[in-house]
Amino acid sequence: MLDRRTFVLGAAATAALTSALPAHAAAAAPASDAAENPRKAAGVFLAPDGTPLMLTEQDGQWIVADEGGSVRITSGLAGADLVDVTRDGSTCHAVGALSGDPIATIWESTDGVTWREARRLHGVRSEFTAVGGGLAFGSVLKHERASVVRIAARRTASGWTTVPVRGLEWTDGLSATAVTATSDGWVVAAVDVSGTVLHTSRDGVTWTARPRLDGVAVRGLASVAGRVHWVGNEVVDATPLTGVLDADRTSPAVPRDAKALGVAGARSGWLTGGRLITAEATR
């Protein structure tokens with residue numbers, strides 16, 4: 006059975022980047038290092054030019070990689086344990102925690118390479134696990150990193166501000182795995198042993214349960230043309246799946262071992278063999 010933690014903390018991979026680095030990437034990671042070090046991916050997002058990029062850890066550094074294998078080392082993410090990433094308008098948002106005794110943190114970037122810390126929650130062991138549509142979700146943690154209290158932060162003109170969380174019917178230490186803005190609010194997902202629990206909200210504070218997605222662990226949500234698209238893996242055998250809420254699920258044109266990273270624009274992002282690949286979010 007697929008481990009729920011795989012989706013909460015990012016997909017792990019031991020395969021390497023094998024293609025040549027671009028000539029302009031003077032700060033790129035050496036290919037020899039990539040051949041031996043496991044990586045985990047925070048997710049997929051769009052570059053300013055619309056190219057899908059994967060934000061992933063390699064040899065203790067966070068890098069961005071495209072489908073062709075081009076790699077650039079980021080700056081501003083030292084000590085970050087990233088879980089999710091997205092682009093919202095002209096700004097990229099990455100969330101997770103400062104490593105060690107975790108402190109929930111949000112980072113921002115305009116190009117996906119140079120990052121700055123935008124918000125940190127002081128005084129509690131915590132982490133953010135999902136970000137989308139200007140809303141970041143996370144939890145205050147027990148020592149085994151099980152969720153005990155929901156936390157959320159909303160992006161406003163003056164920056165990120167924490168907001169209350171009401172009505173989430175999550176048990177068993179669940180944490181958010183994906184969140185997206187819609188035409189009338191937000192949708193948030195969390196994964197349990199049977200599938201995905203879903204809630205909606207008009208104000209980002211009070212949440213209402215909606216029909217769940219059984220049998221699939223959702224890793225990404227995106228609202229496209231009035232429909233909420235999702236990507237994930239089947240809970241039992243990790244088969245890649247995509248779909249639209251309240252509609253059929255489909256099998257994307259990706260290898261069977263591909264692990265869902267999220268949705269970037271109209272493309273779903275996947276990690277397979279240590280590489281980023283994309284496909285149509287749904288057919």
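For the record, in the sequence shown the residue sitting at position 18 is 23 according to the numbering used here, with numbers rising by one throughout.
The C-beta atom is built at its ideal place from N, Cα and C for all residues, glycine as well.
DSSP lists Val268, Ala284 as the beta-bridge partner residues of Ser273.
Ranking Ser180, Trp212, Asp197 by CA distance to the CA of Trp191 puts Trp212 first.
The beta carbons of Gly225 and Gly267 sit closer together than 8 Å. Secondary structure at Gly164: strand, using DSSP grouped into helix, strand and coil. Bounds of any beta strand (DSSP E) do not take in Glu72, whose DSSP letter is neither H nor E.
Annotation: the continuous beta strand (DSSP E) that includes Pro245 extends over 245 to 249. DSSP, reduced to helix, strand and coil, places Arg155 within a strand of the structure shown. For Glu285, the closest alpha carbon among the candidates Gly278, Gly279, Gly274 is that of Gly274. One thing to note: Asp71 has its Cβ within 8 Å of the Cβ of Thr56. Secondary structure of Lys147 (DSSP, three-state): coil. Glu174 and Arg261 have their C-alpha atoms some 32 Å from each other. Your pair Val88 and Val100 checks out as a contact, with CB atoms roughly 6 Å apart and the cut at 8 Å. For Lys147, same chain residues with a beta-carbon under 6 Å away, outside a window of 5 residues either side, are Val153 in chain order. Ala214 is bridged by DSSP to His204. In this chain, Leu126 is not harboured by any beta strand (DSSP E), its DSSP state being neither H nor E.
By the CB criterion at 8 Å, Ser188 and Gly143 fall outside the cutoff. When DSSP states are grouped into helix, strand and coil, Ser104 belongs to the coil group.
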